[in-house]
Structure formats: C-alpha cells, structure tokens
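Below is one structure; the comments refer to it alone.
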Amino acid sequence: MTTRKKYFLTALGGALFGIVLVLAALYTSNVTSTNESCGACHVHPEAETSWKQSKHFMNQSGVQTDCAACHLPPAGTPHYYWAKVKIGLHDIWMYLTHDKEDFDFESKRTEEYAPSIVFNSSCKKCHANLFPEGITDDGVAAHLYYEENEEKLGLQCVSCHLDAGHFIAGYKHEKMTTAPIDTTGPVYTEPASVTSFSNFTETIPGTRASINMIAVPGGKFTMGSKKGDKFSRPDEYPAHEVTVSPFFMAEVEVTWNQYWAFYVETMSEGRTKPEVIYANNSRPDVDAVSGPTPPFGMPDQGWGMGNRPAITMTHYAAETFCQWLSLKTGRHYRLPTEAEWEYAARGGTDTPYFFEGKPSSYSSEGLWNSIFGTDTTTINRYAIYALNSKNRTQEPSRVAANPFGLRNMLGNVMEYCQDWYAEDAYEKAGANTIDPKGPATGTDYVVRGGCYHDDASELRCAARRHSDYEAWLKTDPQNPKSIWWLSDMKGIGFRVVCDATINP
Amino acid sequence: MKEEGMSRRRFLTGAAAVGAAAVAAPAILASCSGKEKLTPLKKEGEYYVPELPDKAIDGPELKVGLIGCGGRGSGAIINLLDAADNIKVVALGDVFEDRLNDVRNRLINERGQEVPQENCFIGFDAYKQVIDAGVDMVILTTPPVFRPEMFKYATEKGVHSFLEKPICVDAKGYRSVMATAKQAQAKGLSVVVGTQRHHERRYVEANKQIQAGLIGEITGGNVYWNQGMLWYRQREAGWTDMEWNIRDWVNWKWLSGDHIIEQHVHNIDVFLWMSGLKPVCATAFGSRQRRVTGDQYDFFSTDFTMENGIHMHSMCRQIDGCSSKVSEFIQGTKGSWDSETNEIKDLDGNVIWKFDEEAVRKEFQQFDPYTLEHVDWVNHIRKGTAHEEATDNAISCMAGIMGREAAYTGQTVTWDEMTQSPQDFLPEKLELGPLDLASMTVPVPGN
C-alpha cells in the first residue's frame, strides 16, 4: 500500500468513526431527553400527575409540552448540552444516594426554588408573543410590566405562572373574594380585663379571635454580638447594655385567624395614599380603621391558615393591625422595639440562641457540615428553619417556648420591629440606654428572628436584618405597589406587644 | 444606498462650506472645518426612513372602509385616493347619518365613487359592520377614545389600519393599543398613524441629519403647539348629552384626551421619535380661562424627565390673541435643530444644515404629508412589507396622558404609575342618551 493510500484510509476511517460518534451522541442526547428517560430517575408520581393536570398537558389544543422543553435550555444550544450533563449527573447522584421518601415535591414548586429548575429562555422560546389575542387588560398590564422590568428586577415567567407546568391546587392569579375567617367558638363582646402584670388572653370584641399575651418582666441585658462571635455581622457590634421596661408580648406571631378578623372588619378597596389612611386611622375621634385591600391569590400559599403566622405582610399592614387592635380593646398595642424584641427572644439567656448549642454546629454553611450534615436535635425542638420546615411555615404548636413562654421567636417567620434599620445603630447607641427606639428616620425597618427557609446562623438572637421593599414587591405590577401585601417575600409576619398599663 | 447619498447632497447648503465640501456628506463637512468626526446616534438601517414617492405603486384593487366621517375622516379618505390608484371605498361608518352622508356625497361628487347604501352603517357598532364588509384596509378617524377597540377589532380580522392620532387617551387604552400592536406585527399588517410629521419631507430629512450625529448627543428639547381658540359646538335642541359631547368632542376630555394629547401629541411625538427616549415622569401646570364648552383646559406646560435623565419641555395653548408657535426644537452637544426654520445650527449659532425645499421640489411634486402617509401605507400593503407605527405612537400618547394628569392633579406623575393605572375613559354603555354631565367638571389641582 502506498503511503498516500494509507493516509486516505486512515482519514476515511477517522471520519467514519467521527460521524458514528456524533450520531451516537445525538442519539444519546435525544433518548435522554424524552419523558420516559426523565421518569427513570424522577420516580415521584406527583410530577407526572400534576403535569397532566396543568396547562402544558390539559389544554384546548391537545398539545403536550414535555419535561425537557421547560427543564432544559432551548434544544440545540451549547447551554442545552452543558445543562444536560450537569443536571443528568446531579439527578443520577441524587437517585443513587437518596430515598424516594426524602424527596419533598411541594418544596420544589415554590417561587424561590422553581426558577432554578425552569429555564426562562425556554419559556420564551415557545411563548414568543406575550400579547396574544384575547389577553385581558390585567394580562397586558402585567406583561408590559414584565417586559420593562425583566432585567432590572430579575423577573421570570414562573414568578407569576408557577402552575404552568405542574398543576397546583388553589393557586390562583386573581383577587381573593372571601376571607377564610374562622367561624368556630363564641364572638367576644368585651376585651380582657387585666388587673395585674401577669399573662392574659386578649379577647377582641366583635370577633372570635383572641391573643395570648405573655407578661415580659423588665430588665437589663447585653444587646448585640461581640466581634469574633461566629456568624456575627458588623451591624451587631458593639454589644451594649440595654434596660427594658416591662411589657406584654404575644405568645406567637399574629395568626391568620387573628389577621382575618381584622381584615373582614376593615377591608377597603381603593387607592388612598398610605399616609392619608394612616393619618385618618390615627385621629383620636375615629372609631374605625381602614384596612387591607384584597390580596391576589391566597396569601397563605396553600400551606394552611388557622394558627399559622399571617405572612406576606407589609410593615404598614402590621402597624395598621396594631391600630385596629388598640381601638378594639382600649389598650395600646404596637410592634416591639428592636431592644424589646431581642430582650424577649433571649429570655434571660446570653448565648447565641435561648437554647443550648452553637451556631457552628447547627449551621449548614461550611464544607464539613454541608457534607456530613448538622446536629439538629435541640434546635429542632425550638425553631422552624431550613432543615425542618419543608420550606413553609408551621403551626406554633410544633415548637417549645423560650424561658419567657414565647414561641417561634427564632424561625418560622421574620418579625417586624417598630425601629428604622441602620447598620450603625449600635455604634450610635449610648451606654446602658433605657428603652431605646432606634434611629429617628430611615428607609427600611428592622426585621428579626429568621424564617422557615433560613440557615440556623440567621436564627441567632442577635442577628439583624431589614425590610427590602423593591425586592419584596418585585413581581407586583400595580403602581403604586400594594401597601398591604408583599408579592415576593413569604417569610415575614409580625408579633404584637402591649404597654404594661393595668386596668384600674 | 445611492439614492440617499444623492438626496443628502441636495439638502446640504452649508453656507460656509462651498465647492467640494458642499456636495459631501455632513460628516466630511465637519472634518473639513477641523472638528471631530460625527458619531451617529443610530446607523442607517437602524431607524425607519419612509420611502416617499409622489404616489403609491400600482397593484390590485384595495377595498377600504372609513369609520368616523367627520372633518378628518373626509380629509383622510380623499388623501388616500390622492395617494394611490385602484382604491375602492366600500363601506362607511359613523354615529351620525348627516356626517356620513356628507362624506358619501363628497365621494360621489369629487371622485365618482358611490358607496352602496347597504354598506353605510350608523351607530356605535358601525365599526364592526364596516370591518366585516370585506375591506382590506380601514381608516379610523372617530374621536380617539374609541380608537383602541376599533384597532383591536380590525387587527383581529386581519385588516390593515390607518389610525388617526391620538390613538389612546387613557391608561387602559394605552395598554390595549400596545397589545394589539404586537398582534398586528405578528400578522404582518401595516399600521400607519396620522402623526404626519413622520411622512413630511422636511422632518424626515432633519431626522436623518440628527441620527447621523450632526447635533451630537441629544441633551434636551422644547416642543410647542400654541394657537388660537379651537372650534366648539353649542348644544342644539333635541340633542342628547352623548350627541352633544360627540359633536363637540374636541372640548371633552373623555373623548379627546384634552388638547395636550389630541393636538399637541404631534410635537411631543417628534421629540420621542428623534431621541428614542421615553419619559419617566412629568410635572405640569395647566388651566382653563377661555373655553366655552366642555371640561378641558386651555393650556398646559409640562416638564418631562426622560429615561436617561435629560429634560424635554412641552407647552400647548388654545387661546385667541396670544402669540402662536407650532414647532419642535432639539438641543444636542454639538448643535440644535429647529423645525420652525428647518435649520441645524452649531453651538456658535452658525447654520450648518438647512432643508432645501427648492432642490427637493425638483425631484418630488407631492409635499403634502397627509397624502404621503397614505402613499407609505399603501406601499407597505401592496409590497407586503409589514410596518407598524402604533407602538411608538401609543408611547407618545402616554407621555401626553402623563402631562395631562400631572396638570390636572398638580402631582408629579410617573411612567410606571400611569402605564399601570386603572384609568379608563370609555363609558360602559355607548348609546345616544344621557351622560353624567354633572361629574364632568374642570379639574382643579391641589387642595
């Protein structure tokens, strides 16, 4: 054989091999993108049944949209192959190392998680026209808002169309029409009579709602963290002495039952400016409060109402609730100051949590804990957080109280304080202040206590955070945005306190 | 683009630069006078330049319907017939029979076209009947509050629309037009809006110079429509509230949107067109001093903040015995353009470009922009090259709405707030009957 012949045969052989390889790869790519192939690892039946009830299967045209159409980038792009490799390896690993029972399907279909497994570019590839014939005015308004703010606010299609691919019972994209108010038990006619500084149950006249109030004795404590405390942040420094006068604090975060009692008495539709409503509500001569507008969809996210904390609350909603409660009972209810909150949360302890244990052993952050897991025995009794919440709020009865008798101070939902947030608030606080009220002005409010999807490190008694209205209302297309309901923050509620004045 | 190069030469007078420089493009002119090269705002091909022949190309017969047989409607249908041959007017619609008959008779007398009586529709639903009468294209020239619904219906039926300006007067109308415009694009329809400056030769040529960078980056502008009192109709015996309102429509805000939109949108639109910017907020004054009928203002003065932070000021007035001015002025980093003089001046006040009408008249006979906009519309339809102007015009109308609301309320009004507002001027019940006239009062800003 001549050299030239050898050369050509080798080249030909190589080319044929290459073609076979490419065809094999394409074949593999195709067969591993079918619904059957996805189902080999994704054995949980909810995925298929909810898909078959969704608009992507059950629709007028009878067209079905397969797994890979949404859960992979648009086919044929480099992103598509890269994502296939990455997701494929992840899924095989999970399949081999986890049990089917470990898998919490519900928690995957939340607004927080879903965007990480649905590719927006794939949504938009099929849904190229966001203004199809027959679209309603509300739809046009929402899609114009989306187009103008998609990049600025990081909006995705599933931010609003969470049930597009998998049916979610009760997920509605419309105004709530009737409040799911509790109708069991008697209607109270009188507020509680409080004759001594001890725990009492407030009974809200004209409603079936009551609130257990805990008498929190006054005292002195060290507020904040010391430099070097694990997970502490600069806004927690310096640790400083604070004295707090006695007050009453609700045993649990304001519940849906309590909030709906307020809502049905005060619900008002309209676009009166918040300052105007607040000023009217504050007048000494008024005997009624203007309350929330109806929310879009069910604000409990389908997790359940009852005694679970009322969530997606704005600070304004929390304050108006207090105004209403004060008017109904003749006692002065309000949000806690930040100092009162931390004092109450600590319950007389000076450790990172009011219970035993260190943040470094409870936190999932850090390589060691993320691989080998964390200790959960003690924290599990006292707090609802990332590792035991199933990504939603839980009933207060799930946890034990702190030494003062307060539940869910840490975890479940973050709670508003009345203070404005300032990163340097502690630097400006004097030594041994009495009943401090925080900065005189600000743009965001202090929120405390961490929530159901937080890591244990966010649940420390000293950890400080603040409201963030732009992010918390990013998918609300109304302008002005709702002053009552947060569209994009579910882990926030509030707890009321009451001045320690006693009936004569 | 040989033709464009040619035409540019023609318009270049450049008083200072004679000889070789005079026949070169402005870019070269600038470099000859020792200045840096021009940076285009948009390159050729990145912005729309209408072809403006004197007459539309020939093609198969197009059937047209006219909805809204008032002054503008009768003008527009004649403009269309001037613009193109082989156009047949097949249906007419209006709420008033007398207005419809005026147009029908005019078409018979002036153009020898008789619209069959069975295709003459009277009433608030006449638009559906006209659009369903087998038309290819439709001219919508009713009072503007009705435009969004009619545009939507025409687009659903795959009919090309000519939309007289303004095309929306409230927030809901704006959203409706924005959505319909997308649907028109999807269907490949041609939609032209009656902001005829887009088809006026002097504006089109000035825009080319501005986009080429002759005035530099745009830093602000002033736009004006100050004129005498507009017409009005006193109520006549036997008229219902609705009939009076519609016959006197330019004085009622729910029908016209007030003159800051109804008339002045032309000028606001020029700045938005050439700058490519949307307003983010508006602060305005306005008041009513002289009007006889209706609930509108006589003047508005509005400061617009645009999305990149520059300002545009707009003023409009309809009062007799005051100075008149209808024009646009745009300031840039290297110079300014004024549509009053059709000149571009550098920062020292030297005229560096002027629209040379005499030279253009040697090439073109048709200068009437009201005819040329129909030439462009028919050409797009006959060539099958879809074209859609409603999106841009809806944004200009929204700017006007922001200015109006800012003046009416005394508050600064934002784009985000206004585009999402529930504001909807269209009455639920459309019939020639009573209206709640007592609620139609002249707005008073502040407390």
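These protein sequence lines map, in sequence, to chains D and L. When we follow our numbering, the leftmost residue of the first sequence carries the number 1, and every step to the right adds one. When we follow our numbering, the leftmost residue of the second sequence carries the number 1001, and every step to the right adds one. Glycine is no exception: its CB is placed at the ideal position from the N, C-alpha and C atoms.
Do you know how far the Cα of residue j is from the Cα of residue i?
i	j	result
L:Asn988	L:Cys1316	With chain L covering 1001 to 1447 only, the question about residue 988 of chain L has no answer from this structure.
L:Gln1209	L:Pro1040	9 Å
D:Glu48	D:Pro115	19 Å
D:Trp484	D:Tyr171	20 Å
L:His1251	L:Leu1426	It should be pointed out that residue 1251 of chain L corresponds to Asn in this sequence rather than to His. Answer to the nearest angstrom: the Cα atoms are 16 Å apart.
D:Gln60	D:Phe167	16 Å
D:Lys152	D:Asp468	15 Å
D:Ser363	D:Thr376	9 Å
L:Pro1148	L:Ile1330	31 Å
D:Glu202	D:Asp163	40 Å
D:Val187	D:Met305	19 Å
L:Phe1285	L:Trp1337	26 Å
L:Ala1022	L:Glu1044	Here the model assigns L:Ala1022 a pLDDT of 38, short of 50, so the residue's position is not dependable, and the following value carries that caveat. Looking at the two C-alpha atoms, the distance is approximately 21 Å.
D:Arg231	D:Pro359	In the sequence as displayed, the identity of residue 231 of chain D is Phe instead of Arg. Going from the Cα of D:Phe231 to the Cα of D:Pro359 covers about 8 Å.
L:Ser1031	L:Thr1333	Below a pLDDT of 50, predicted positions are generally treated as unreliable, and L:Ser1031, at 47, falls in that range; no measurement from the model is reported.
L:Val1442	D:Phe262	39 Å
D:Tyr237	D:Gln418	20 Å
L:Lys1182	L:Asn1109	39 Å
L:Val1360	D:Phe131	42 Å
L:Asp993	L:Ala1154	Missing from the structure shown is residue 993 of chain L; chain L here goes from 1001 to 1447 and no further.
D:Lys227	D:His240	12 Å
L:Thr1283	L:Asp1348	31 Å
D:Met313	D:Met414	10 Å
D:Leu486	D:Asp476	8 Å
L:Leu1012	L:Phe1355	For L:Leu1012, the pLDDT reaches just 39, beneath the cut-off of 50, and the residue's location in the model is therefore unreliable, leaving the point undetermined.
L:Gln1296	L:Asn1222	23 Å
D:Ala68	D:Gln53	18 Å
L:Asp1376	L:Pro1060	16 Å
D:Tyr145	L:Ile1395	14 Å
D:Tyr385	D:Gln323	30 Å
Taking Cβ to Cβ, would you say residue i is nearer than 8 Å to residue j?
i	j	result
L:Val1145	L:Val1169	yes
D:Pro246	D:Ala456	no
D:Gly32	D:Gly88	In the sequence as displayed, the identity of residue 32 of chain D is Thr instead of Gly. Against a cut-off of 8 Å, the Cβ pair of D:Gly88 and D:Thr32 comes out as a contact.
D:Val496	D:Leu325	yes
D:Val252	D:Pro403	no
D:Phe221	D:Tyr343	yes
L:Lys1345	L:Gln1211	no
If you follow the alpha helix (DSSP H) that residue i is part of, which residue opens it and which one closes it?
i	result
D:Gly88	78-97
D:Pro45	45-52
D:Asp138	137-153
D:Arg4	3-31
L:Pro1279	No alpha helix (DSSP H) holds L:Pro1279; the beta strand (DSSP E) holding it covers 1279-1287.
D:Glu112	It is not in any alpha helix (DSSP H) - D:Glu112 carries neither H nor E in the DSSP assignment.
L:Arg1072	1071-1083
D:Leu325	315-329
Out of the options, which has the shortest C-alpha to C-alpha gap to residue i?
i	options	result
D:Glu150	D:Glu133, D:Asn120, D:Asp287	D:Asn120
D:Tyr416	D:Thr374, D:Met267, D:Val276, D:Ile311	D:Ile311
D:Asp300	D:Lys86, D:Gln394, D:Tyr353, D:Ala317	D:Gln394
L:Tyr1232	L:Gln1211, L:Ile1246, L:Gly1321, L:Ala1394	L:Ile1246
L:Met1402	L:Asp1392, L:Val1413, L:Asp1125	L:Val1413
L:Trp1243	L:Asp1094, L:Arg1404, L:Glu1405	Checking the displayed sequence, the identity of residue 1243 of chain L turns out to be Glu instead of Trp. Nearest C-alpha to L:Glu1243: L:Asp1094.
L:Ala1084	L:Arg1111, L:Thr1141, L:Asp1098	L:Arg1111
Under DSSP, the beta strand (DSSP E) around residue i begins and ends at which residues?
i	result
D:Phe247	247-250
L:His1198	Unbroken run through L:His1198: none, as it is neither H nor E.
D:Ala401	Segment: none, D:Ala401 is in no beta strand (DSSP E) and carries neither H nor E.
Looking at the ligand FAD, does it come within less than 7 Å of residue i, judged from the CB to the closest heavy atom?
i	result
D:Leu367	Ligands displayed in this structure: none; no statement on the ligand FAD is therefore possible.
Check whether the stretch 1216-1223 of chain L and the stretch 174-181 of chain D touch, using three or more Cβ-Cβ pairs below 8 Å as the test. no
Assess contact between the stretch 1270-1280 of chain L and the stretch 1304-1311 of chain L, defined as three or more Cβ pairs (one per stretch) separated by less than 8 Å. Is contact present? Touching, yes, given that three or more Cβ pairs across the two stretches are closer than 8 Å.
Contact the stretch 307-317 of chain D vs the stretch 249-257 of chain D: 3+ CB pairs below 8 Å: yes
Does the count of Cβ pairs from the stretch 443-459 of chain D and the stretch 406-415 of chain D closer than 8 Å reach three? yes
Whether or not the stretch 1364-1378 of chain L and the stretch 1047-1064 of chain L are in contact is what I'm after, with contact meaning three or more pairs of Cβ atoms, one per stretch, closer than 8 Å; do they touch? yes
Would you say the stretch 4-16 of chain D touches the stretch 39-53 of chain D, given that touching needs at least three Cβ pairs under 8 Å? no
Just checking, does the stretch 92-107 of chain D make contact with the stretch 189-199 of chain D on the three C-beta pairs under 8 Å criterion? no
Just checking, does the stretch 1121-1140 of chain L make contact with the stretch 1056-1069 of chain L on the three C-beta pairs under 8 Å criterion? yes
Any 3 or more C-beta pairs closer than 8 Å across the stretch 1186-1204 of chain L and the stretch 1427-1436 of chain L: no
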